[in-house]
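Residue numbers (this note's numbering), protein chains in the order written: chain A, 6 to 145; chain B, 5 to 397.
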């Protein structure tokens, strides 16, 4: 069974990589290369962008198990991102939002009975933390 | 013999009261590109053209797996991607057939029974190197290393000076480690380490083969690990499922399209967006705004194509009509333009474009920088209808 994963980070944590992408430094520990492509604003506003997020459908059970272990305080021996200390990870977990199938890690004790996927999951997750997608520019 | 199938069938049809029923089977989209036209052919039904990793690692996806690399098949003829790659010339000077084609850097080696044993002498950066030449900058290459670790911890590093690849651990059993990498120049170097970077003298790996084969084409790559679609099947159809949040695939080097170009797409949009764009940094796209938008400017932003839906001419009045007629339905949509601004097509992408997102199924696409004849167009539309389950008019 694959899972739906969402990561949201405040801009104060984020860095820009060589390709100009917005990156969460926890990177592979949570979501692959850590790129967060979707700009978010506080609900009811249009600017400024306060957070960035990403959604990854098809997340493997092994990846979910790793994230669950991290939130349980069990860091896999080879999982610490380069250049980060254990305290950095602990600090990060207090700032970022990770949702798996609708369960906000570190907040919700259980997974919801009806697991969320896709855009519905993303919209529900950002609403839980008081955010909205940045309004799109006119297409043409 | 296969090329004769259609003419023979037509001859029979003239001579006998029979109906040609094998046109789709006989037609192959690669045949449109006989004069080296620019463009691309993407066909999700050929799962061997898909890879889990952005660097081609992770193998062919299973149902439910993410897809971060999709091969352009326009130069593959009737072959599956796997058959095509296997038929390409071998570029690696070390194939395991002889004790040549590599050099040692801090290691001792021995070659027995077609297997090269590599032993680290001091640890961290001890390796063998395989030099490649006559590469084409920008082209992708399949690199498959068959190897195992016999002494040391379970971590070996493979790296190339011509592209960045994932650090991958060898296991204790022989296995194929595959990557698909773009060459950045005409030469390249494959480095296979006998140590994991912190290893010790005596760490040992065995290599039975290293294969390097060209995969020419405008391949699609996800912009990041998380922003990628998922491979799914339903009713015998194969598709990539886009999440309408951030999933995307891009061929940023797809260049050479001319003002007269044709694009045929098989997809099912399940949101308000239908986005096929021209690279992450371009403002050219095919798209439609949200339901209820009455703006009439709905097609290419750098051209004014005629449009067909499911094999028939279609003139939607505005974005709302465009959207409503496509939304939730498996459709084959054809765009034909004679006034495309070439500068707008310096790349091709599917999915996310600055907050406009495609959500739904994508079955395949044929893009070519010339007009299609009526017969060619019908063949392409019929082919993509079989891929998507759409019913042509």
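We put the CB at the ideal spot given by N, CA and C, even for glycine.
Beta carbon of residue i nearer than 9 Å to that of residue j
i	j	result
residue 265/B	residue 374/B	yes
residue 211/B	residue 133/B	no
residue 270/B	residue 392/B	yes
residue 378/B	residue 42/A	no
residue 363/B	residue 249/B	yes
residue 46/B	residue 83/B	no
residue 60/A	residue 251/B	yes
residue 183/B	residue 81/B	no
residue 209/B	residue 145/B	no
residue 105/A	residue 116/A	yes
residue 185/B	residue 147/B	yes
residue 246/B	residue 372/B	no
residue 389/B	residue 315/B	yes
residue 70/B	residue 62/A	yes
residue 94/A	residue 110/A	no
residue 12/A	residue 47/A	no
residue 407/B	residue 232/B	In the structure as shown, chain B begins at 5 and stops at 397. Residue 407/B is therefore absent and cannot be evaluated.
residue 213/B	residue 311/B	no
residue 221/B	residue 313/B	no
residue 139/A	residue 52/A	yes
Cutoff 6 Å; reference residue i; Cβ partners in own chain excluding five residues on either side
i	result
residue 199/B	124, 127, 128, 130 and 207
residue 383/B	31
residue 39/A	28, 29 and 32
residue 25/B	Residue placement at residue 25/B is poorly supported in this model, since its pLDDT is 45, which falls under 50; the coordinates still yield a value, given next. Here the set comprises nothing.
residue 107/B	133
residue 273/B	330, 331 and 364
residue 105/B	97 and 98
residue 367/B	48, 243, 270, 391 and 392
Contact set between residue i and chain A, taken where Cβ atoms lie within less than 9 Å
i	result
residue 356/B	42 and 43
residue 363/B	123 and 124
residue 275/B	124
Where residue i falls, given that 16 or more other Cβ within 10 Å makes a residue buried
i	result
residue 150/A	With chain A represented from 6 up to 145, any question about residue 150/A goes unanswered, as that position is not in the structure.
residue 216/B	buried
residue 130/A	buried
residue 135/A	exposed
residue 87/B	exposed
residue 66/B	exposed
residue 24/A	exposed
residue 76/A	exposed
residue 394/B	buried
residue 16/B	Its pLDDT being 43, under 50, residue 16/B is placed unreliably in this model, and the value from its coordinates should be taken loosely. Exposed, by the Cβ-count rule.
residue 237/B	exposed
residue 44/A	buried
residue 416/B	With chain B represented from 5 up to 397, any question about residue 416/B goes unanswered, as that position is not in the structure.
residue 73/A	exposed
residue 193/B	exposed
residue 109/B	exposed
residue 338/B	buried
Close-in-space but distant-in-sequence residues of the same chain around residue i (CB under 8 Å, 5 per side omitted)
i	result
residue 308/B	341 and 343
residue 176/B	152, 153, 154 and 158
residue 21/A	27 and 28
Under 7 Å by beta carbon: chain B residues contacting residue i
i	result
residue 56/A	Correct list: empty, because the minimum Cβ distance to chain B is about 14 Å.
Within chain B, partners of residue i - CB distance below 8 Å
i	result
residue 7/A	68, 69 and 234
residue 36/A	229 and 230
Residues that residue i contacts on chain A, provided the C-beta gap is smaller than 8 Å
i	result
residue 227/B	26, 40 and 42
7 Å CB neighbourhood of residue i in its chain, flanking five on each side removed
i	result
residue 111/B	122, 123, 124, 125, 130, 131, 132 and 198
residue 52/B	64, 84, 85 and 86
residue 188/B	141, 166 and 167
residue 223/B	73, 74, 75, 76, 144 and 255
residue 121/A	9, 106, 107 and 129
residue 62/B	55 and 56
Contact list for residue i against chain B, beta-carbon separation under 9 Å
i	result
residue 88/A	None at all; the shortest Cβ gap to chain B is about 15 Å.
residue 107/A	The premise fails here: residue 107/A is roughly 14 Å from chain B at the closest Cβ pair, so nothing lies under 9 Å.
residue 111/A	What residue 111/A touches in chain B: nothing, since even the nearest Cβ is about 19 Å away.
Contact list for residue i against chain A, beta-carbon separation under 7 Å
i	result
residue 250/B	42, 43, 59 and 60
residue 247/B	60, 62, 123 and 124
Proximity test, Cβ basis, 9 Å: residue i and chain C
i	result
residue 134/A	Checking the listed chains, one finds no chain C in this structure; the protein chains it contains are A and B.
Contained beta strand (DSSP E) runs [length at least 3] in the segment 8-32 of chain A, N- to C-terminal order:
Runs of the beta strand (DSSP E) inside the segment 8-32 of chain A: 8-15.
In chain order, which continuous runs of the beta strand (DSSP E) of length 3 or greater are located wholly inside the segment 202-253 of chain B?
With a minimum length of 3 residues, the unbroken runs of beta strand (DSSP E) contained wholly in the segment 202-253 of chain B fall at 208-219, 234-238 and 241-247.
Which runs of the beta strand (DSSP E) spanning at least 3 residues fall entirely within the segment 30-113 of chain A, listed in chain order?
Listed in chain order, the complete beta strand (DSSP E) runs (minimum 3 residues) inside the segment 30-113 of chain A are 43-47, 54-64 and 102-105.
What runs of the beta strand (DSSP E), each 3 residues or longer, lie entirely inside the segment 309-384 of chain B?
The segment 309-384 of chain B contains, as complete beta strand (DSSP E) runs of 3+ residues, the segments 310-313, 335-341, 352-355 and 363-372 (chain order).
Which runs of the beta strand (DSSP E) at least 3 residues long sit entirely within the segment 120-197 of chain B? Give them in chain order.
Counting only runs of 3 or more, we get 131-136, 144-155, 162-164, 179-186 and 192-197.
Suppose only complete runs of 3+ residues qualify. What are the beta strand (DSSP E) ranges in the segment 118-144 of chain A, listed by chain order?
Within the segment 118-144 of chain A, the complete beta strand (DSSP E) runs of at least 3 residues are 136-138.
Residue ranges of each beta strand (DSSP E) run of no fewer than 3 residues wholly in the segment 43-77 of chain B, ordered along the chain?
Inside the segment 43-77 of chain B, DSSP marks whole beta strand (DSSP E) runs of 3 or more residues at positions 43-47, from first to last along the chain.
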